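Colleague: Sharing a structure, written as structure tokens. Questions coming.
Protein chains in written order, with the working numbering: chain A, 1 to 428; chain B, 1001 to 1203.
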């Protein structure tokens, strides 16, 4: 009786299976010729352990199962081991990706902006060398917080115990070597803007026009130079006499703040200004109620030039706008007589006026890169680990040796099956 | 740009209106010598009202004892804390007279203790130069009152700025004339008043 199975085809299939398994085993053996041994390590990574491995490696390849991101020193040591021809692979049990950035704003008060990113919804505890600072809940874009002062290294922590993940950053020291320049006519606005910024810690060099050809000069406002000055504030049209210097200062990286009439006196300043508007919005009546920024008179800056960004609006009107100008930034303020906010504001009027002006100046003030970003700490532990040691290796493919019995079984089954089939049909 | 408004303080005790021509005379000098935007008329502002905070430079004078009410004292404190400058002139031109004693006590309670202002202070070079300090008045030179020339003004300073400027030199008498009369003076004696205003507007 003829068999329903096509024996030669079956035998060919079995032979191919056997040859395939044999080929895989050969290739794997050749590729792992240098990795004679591999061990999976779960012990805690300490300097003592790493020192021992540096002199007597436990295996040619170390497979690390990490529960937390190693410290920078441990990470660097593992990189050194890898460069000493010791294979280092790692896998984790869900080390949370977390990053913190600490930016020192160009503000003598030492304001630091912290930005944290990580898993959406995670609760992050912020702390510095003196203790807890604040807590944040991360959103899609992370979270940020502006702190008046921090001491030493800032840390962002998620979780607790051995599941704790901590990122850290050290903001640069406070740099207060630059001055501000204030240009305008003598008046309450110039007086109180200078007072607010000086109270904040800035040194203000001013030139305040009093009469034709006569000005009250304090400090050394000219020549404008980014080596000495962080920003120039042109409050009114009297700044037009220095339009060329202001424009060049901005293009060289200096900050420029234009008051409502600061750009009105010169075409080059008008070209520099973010706003092209001119409608004056009259203030709400102040009688009987404290002044606030919302109730100041306003010079509507809209429409803006194409590359300008509105920072503050009041209804349909633009109150503050910024744009880039060469290497610098230009802000334009539409508020009129902000000094009334300080004098006639509520109990927090002085502080609010000071804080607002300081933040506005800090947003455009010249600050070199070395002034702004932090350098120390471990700002993104998991990202740094991947950068140093490569992607984690999934446990399933961690050790091809686990596939060896399966490959041998396929090889044996193929060879035996083919032999048996041939014998049963009487072929050698 | 807001214009400068010369404000005279009205207080509950004493004769606050004893030098009614001083505002007009100083306004005339400001317009004459500077390009500052100046309101043509001064205002009278109650020392105890929140309206005081609209005028960061306020002039106060009188002959009689000064006793601030609680509201006046609180408002003066708020005024100087926010950066205002109070110019107080003793209209009596004497030493340790009733105005001086009472006014300095009230200033100490509301704003702080007065001290001698150095004669090389920025106030004396804010616009015109007064290298010898505060200019003398005809009352001092003519031997009226205490027959003494007061060598210094007094001040309360906050954050490096004058918060209260106190004078015993009787500028209120010196400047209390119609501006038209100024043309008969060889040297305008209100020039120091311009310095006070310019200092207040720039420092």
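We put the CB at the ideal spot given by N, CA and C, even for glycine.
Only a predicted model underlies this, so the values are computations on that prediction, with no experimental measurement involved.
The beta strand (DSSP E) that contains residue 1162 of chain B, what's its start and end?
Modeller: Where residue 1162 of chain B is concerned, the enclosing beta strand (DSSP E) stretches over 1161–1167.
Colleague: Does residue 1056 of chain B get closer than 9 Å to chain A when you measure Cβ to Cβ?
Modeller: Residue 1056 of chain B counts as touching chain A.
Colleague: Name the one or two DSSP bridge partners that residue 101 of chain A has.
Modeller: DSSP output for residue 101 of chain A lists A:115 as bridge partner(s).
Colleague: Comparing C-alpha positions only, which one of A:84, A:366, A:128 and A:88 sits nearest to residue 100 of chain A?
Modeller: When each option's Cα is compared against that of residue 100 of chain A, the closest is A:128.
Colleague: Using the C-alpha atoms, what's the distance from residue 366 of chain A back to residue 226 of chain A?
Modeller: Between residue 226 of chain A and residue 366 of chain A, the C-alpha separation is close to 7 Å.
Colleague: Anyone know if the C-beta pair for residue 206 of chain A and residue 219 of chain A falls short of 9 Å?
Modeller: Their beta carbons are under 9 Å apart, which means residue 206 of chain A touches residue 219 of chain A by this criterion.
Colleague: Across which residues does DSSP place residue 1004 of chain B in a beta bridge pair?
Modeller: According to DSSP, residue 1004 of chain B bridges with B:1038.
Colleague: Measure from the alpha carbon of residue 1141 of chain B to the alpha carbon of each residue in B:1121, B:1093, B:1180 and B:1184, then state which is nearest.
Modeller: The shortest C-alpha separation from residue 1141 of chain B is found at B:1093.
Colleague: May I ask you to list, following chain order, the residues of the segment 1095–1129 of chain B that have a beta carbon less than 8 Å from some beta carbon of chain A?
Modeller: Cβ contacts with chain A: 1126 and 1127.
Colleague: What are the start and end residues of each continuous beta strand (DSSP E) run of 3 or more residues lying completely inside the segment 304–331 of chain A, in chain order?
Modeller: List check, beta strand (DSSP E) in window: 309–314 and 317–325.
Colleague: Going along chain B in order, which residues have a C-beta closer than 8 Å to the C-beta of residue 191 of chain A?
Modeller: By Cβ distance, chain B contributes 1056, 1083, 1200, 1201, 1202 and 1203.
Colleague: Determine the chain B residues that contact residue 201 of chain A at a beta-carbon separation under 8 Å, and present them in chain order.
Modeller: Within chain B, no residue comes near residue 201 of chain A; the closest Cβ sits about 12 Å away, beyond 8 Å.
Colleague: Where residue 1054 of chain B and residue 329 of chain A are concerned, what is the direct C-alpha to C-alpha distance, given to the nearest angstrom?
Modeller: Approximately 33 Å, taken between the alpha carbons.
Colleague: Helix or strand or just coil, what does DSSP make of residue 158 of chain A?
Modeller: Here residue 158 of chain A sits in strand by DSSP.
Colleague: Take residue 73 of chain A and list the residues in its own chain whose beta-carbon comes closer than 8 Å to its own, dropping the five residues that flank it on each side.
Modeller: Closer than 8 Å at Cβ, skipping near neighbours: 47.
Colleague: Hey, which unbroken runs of the alpha helix (DSSP H) at 4 residues or more fall wholly within the segment 1016–1093 of chain B?
Modeller: 1022–1033 and 1070–1081, all fully within the segment 1016–1093 of chain B.
Colleague: Chain A beta carbons: is any one of them nearer than 9 Å to that of residue 1059 of chain B?
Modeller: Closer than 9 Å: no.
Colleague: Would residue 1160 of chain B count as contacting chain A if we go by Cβ distances under 9 Å?
Modeller: Yes, its Cβ sits closer than 9 Å to a Cβ of chain A.
Colleague: Does the Cβ-Cβ distance between residue 1164 of chain B and residue 1155 of chain B come in under 9 Å?
Modeller: Yes, Cβ-Cβ distance for residue 1164 of chain B and residue 1155 of chain B is below 9 Å.
Colleague: Quick one: give me the first and last residue of the beta strand (DSSP E) that residue 1170 of chain B is part of.
Modeller: Neither: residue 1170 of chain B is in no beta strand (DSSP E) and is coded neither H nor E.
Colleague: Which runs of the alpha helix (DSSP H) at least 4 residues long sit entirely within the segment 181–213 of chain A? Give them in chain order.
Modeller: As far as the segment 181–213 of chain A is concerned, its whole alpha helix (DSSP H) runs of at least 4 residues are 188–200.
Colleague: For the beta strand (DSSP E) containing residue 46 of chain A, list its first residue and its last residue.
Modeller: Careful: residue 46 of chain A lies outside any beta strand (DSSP E) and carries neither H nor E.
Colleague: Of all the residues that make up the segment 319–347 of chain A, which are near chain B by a beta-carbon distance shorter than 7 Å?
Modeller: Hits within the stretch, in order: 337, 342, 343 and 344.
Colleague: Per DSSP, what are the beta-bridge partners of residue 1010 of chain B in this structure?
Modeller: B:1046.
Colleague: Just checking, does the segment 174–193 of chain A make contact with the segment 1026–1039 of chain B on the three C-beta pairs under 8 Å criterion?
Modeller: Because the criterion of three Cβ pairs below 8 Å is met, the segment 174–193 of chain A and the segment 1026–1039 of chain B touch.
Colleague: When you compare only the Cα positions, how much space is there between residue 335 of chain A and residue 69 of chain A?
Modeller: C-alpha separation (whole angstroms): 50 Å.
Colleague: Rounded to the nearest angstrom, how far is the Cβ of residue 120 of chain A from that of residue 158 of chain A, given a contact under 8 Å?
Modeller: Wrong, their Cβ atoms sit about 12 Å apart, outside the cutoff.
Colleague: Tell me the rounded alpha-carbon separation between residue 142 of chain A and residue 170 of chain A.
Modeller: If I take the Cα positions, the gap works out to 19 Å.
Colleague: Just by C-beta distance, which residues in the segment 1031–1051 of chain B are closer than 7 Å to chain A?
Modeller: Listed in sequence order: 1033, 1034, 1035 and 1036.
Colleague: Determine, using beta carbons only, whether residue 195 of chain A comes closer than 9 Å to chain B.
Modeller: For residue 195 of chain A, the answer is yes, since a Cβ of chain B falls inside 9 Å of its Cβ.
Colleague: Establish whether the CB of residue 1138 of chain B and some CB of chain A are separated by less than 9 Å.
Modeller: Chain A contact via Cβ: absent.
Colleague: Return the chain-ordered list of same chain residues with a C-beta closer than 6 Å to the C-beta of residue 410 of chain A, the five sequence neighbours on each side being excluded.
Modeller: Counting only Cβ-Cβ distances below 6 Å, and skipping sequence neighbours, we find 17 and 21.
Colleague: In chain A, which residues lie less than 9 Å from residue 1002 of chain B when you measure between Cβ atoms?
Modeller: Those within 9 Å of residue 1002 of chain B in chain A are 187, 188, 189, 336, 337, 339 and 340.
Colleague: Quick check: is the beta carbon of residue 223 of chain A nearer than 9 Å to any beta carbon in chain B?
Modeller: It does not; no Cβ of chain B falls within 9 Å.
Colleague: Are any of the Cβ atoms in chain B nearer than 9 Å to that of residue 252 of chain A?
Modeller: Closer than 9 Å: no.
Colleague: For residue 1010 of chain B and residue 1046 of chain B, which I take to be in contact (beta-carbon distance under 8 Å), what is that distance rounded to the nearest angstrom?
Modeller: That belief holds up - the Cβ atoms of residue 1010 of chain B and residue 1046 of chain B are roughly 5 Å apart, short of 8 Å.
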